[in-house]
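Residue 64 in the numbering used here sits at position 64 of the sequence shown; the count goes up by one each step and never skips. Ideal Cβ placement from N, Cα and C applies to all residues, glycine included.
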Amino acid sequence: MDLLNPLDEQRLKTYMVKAEERANNFLGYPIARDFDYSALYPLLALPLNNIGDPMVESTYDLNSRSLEQEVLVFFADLFRAPEKNWWGYITSGGSEGNLYGLYVARELYPNGIVYYSEATHYSVQKNIQLLNIRSIVIRTDEQGEMDYADLSQMLQTHRDQPAIIFANIGTTMMEAKDDLAQITTALKKAAIKSHYIHCDAALAGVYSALLDLKPGFDFTYGADSIAISGHKFIGSPIPCGMVMVKKNYKERIGKVIPYIGTVDTTITGSRNGHSPVFMWYAIKKLGIGGLKKRAEDSLALARYTEERLNFIGIKAWRNPSALTVIFPEPSLFLRQK
Ligand SMILES: *Cc1c(COP(=O)(O)O)cnc(C)c1O
Numbered sequence: 001m002d003l004l005n006p007l008d009e010q011r012l013k014t015y016m017v018k019a020e021e022r023a024n025n026f027l028g029y030p031i032a033r034d035f036d037y038s039a040l041y042p043l044l045a046l047p048l049n050n051i052g053d054p055m056v057e058s059t060y061d062l063n064s065r066s067l068e069q070e071v072l073v074f075f076a077d078l079f080r081a082p083e084k085n086w087w088g089y090i091t092s093g094g095s096e097g098n099l100y101g102l103y104v105a106r107e108l109y110p111n112g113i114v115y116y117s118e119a120t121h122y123s124v125q126k127n128i129q130l131l132n133i134r135s136i137v138i139r140t141d142e143q144g145e146m147d148y149a150d151l152s153q154m155l156q157t158h159r160d161q162p163a164i165i166f167a168n169i170g171t172t173m174m175e176a177k178d179d180l181a182q183i184t185t186a187l188k189k190a191a192i193k194s195h196y197i198h199c200d201a202a203l204a205g206v207y208s209a210l211l212d213l214k215p216g217f218d219f220t221y222g223a224d225s226i227a228i229s230g231h232k233f234i235g236s237p238i239p240c241g242m243v244m245v246k247k248n249y250k251e252r253i254g255k256v257i258p259y260i261g262t263v264d265t266t267i268t269g270s271r272n273g274h275s276p277v278f279m280w281y282a283i284k285k286l287g288i289g290g291l292k293k294r295a296e297d298s299l300a301l302a303r304y305t306e307e308r309l310n311f312i313g314i315k316a317w318r319n320p321s322a323l324t325v326i327f328p329e330p331s332l333f334l335r336q337k
């Protein structure tokens, strides 16, 4: 390829210096940046593409399916998915995973109603609109957790329609966790047989499962699908995520497309082939022990941060076992820094 002209060369250099400088002061988003994927850099020279179903080999065979499958097996294990009855793929992030979970739920229950709390991630309302599903917003308490009495009342009122529960396993702002035990109790009380529970575990899913934090949210607690972000706790230079659903649910989705030689079971067409390799590398390098230690260290740091802030007179608090420390808005100067 030709060289850049000197002006553009300078622009790029300026940008790169700025990005590096920003990275050194970056705080306030739940994003890990302590990763080192330099061993994988040669792959950046290749147009990897995991287009289509991760379990069905494509004629586009310049992909990372074999590693993607190993990542999925890891998460099936971590989230205690029903044996031989799970399916998933590496997404572009938590949002796509949530969209997929809701898509599967709607295919299963076209006349279902989605119940989600007011602390739910902003992208969910848009996805509900895209899917054209009816929805009801449920109140939360002050800490951001779903108000189960409100949920119960809404379920009773609409008990003639299937219920699709969108549960937060760590809300974006306060990291509040909705309790699947209380949700299933509310469903039982309303005698709603046709129901579906999607867990938005984008933020807190990975470390909550690693440390077996309560309340539990995995498939054994009643989840029908779970979405996580890959660039948050694990860390990735490219935003990514993972979604997992019970396989028998998703079987009505996906057409065979001759030109890609695989099945169109995912939301997008082309899929990033590099991010599954980043995830695979992190999982293999840290191992389950290393990941658990990472989770414990993060919790210890959150505890320490809360204590130190309180010690100097700043009212800081956390939800139980949360990594998110909440405190009053600092000065504009500090925020910009
Ligand atoms: C970050 C986040 C999302 C969105 O995930 P992306 O990976 O940014 O698409 C959804 N829900 C919650 C609770 C989140 O914290």
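query, result
"Closer than 6 Å: L203 CB and nearest ligand 1 heavy atom", "yes"
"Which listed residue (K189, T140, L213 and F219) has its alpha carbon closest to that of T157", "K189"
"Near ligand 1: H274 beta-carbon under 6 Å from a heavy atom", "no"
"Proximity test, H121 beta-carbon vs ligand 1 heavy atom, cut-off 6 Å", "yes"
"Among Y259, T266 and I128, nearest to K250 - alpha-carbon criterion", "T266"
"Alpha-carbon spacing of G28 relative to A191, whole angstroms", "42 Å"
"C-beta atoms of V263 and L67 nearer than 7 Å", "no"
"Cutoff 7 Å; reference Q182; Cβ partners in own chain excluding five residues on either side", "Y148"
"Where I90 sits in the DSSP three-state scheme", "strand"
"Distance cut-off 6 Å: D179 Cβ against heavy atoms of ligand 1", "no"
"S117 beta carbon near ligand 1 (any heavy atom closer than 6 Å)", "no"
"E20 versus K13: straight-line alpha-carbon distance, rounded", "11 Å"
"Pick from V325, L299 and D297 that is closest to N310, judged by C-alpha positions", "V325"
"Selection from G88, Y109, A302 and P239 that minimises the alpha carbon distance to K193", "Y109"
"For I228, the nearest candidate out of L44, A204 and L210 (CA to CA)", "A204"
"Residue environment, P54, which counts as buried when at least 16 other CB atoms sit within 10 Å", "buried"
"Distance between beta carbons of G235 and M76, contact taken as under 8 Å", "The sequence given here places Ala at residue 76; Met does not occur at that position. With a Cβ gap of about 21 Å, A76 and G235 do not count as contacting."
"Check whether S117 and T140 have beta carbons under 7 Å apart", "yes"
"Anticipated Cβ contact below 8 Å, V104 with V245, distance rounded", "5 Å"
"Coil, strand or helix - R252 by DSSP", "coil"
"Which listed residue (R252, P328, I283 and Q336) has its alpha carbon closest to that of M173", "P328"
"Beta carbon of A167 nearer than 7 Å to that of D178", "yes"
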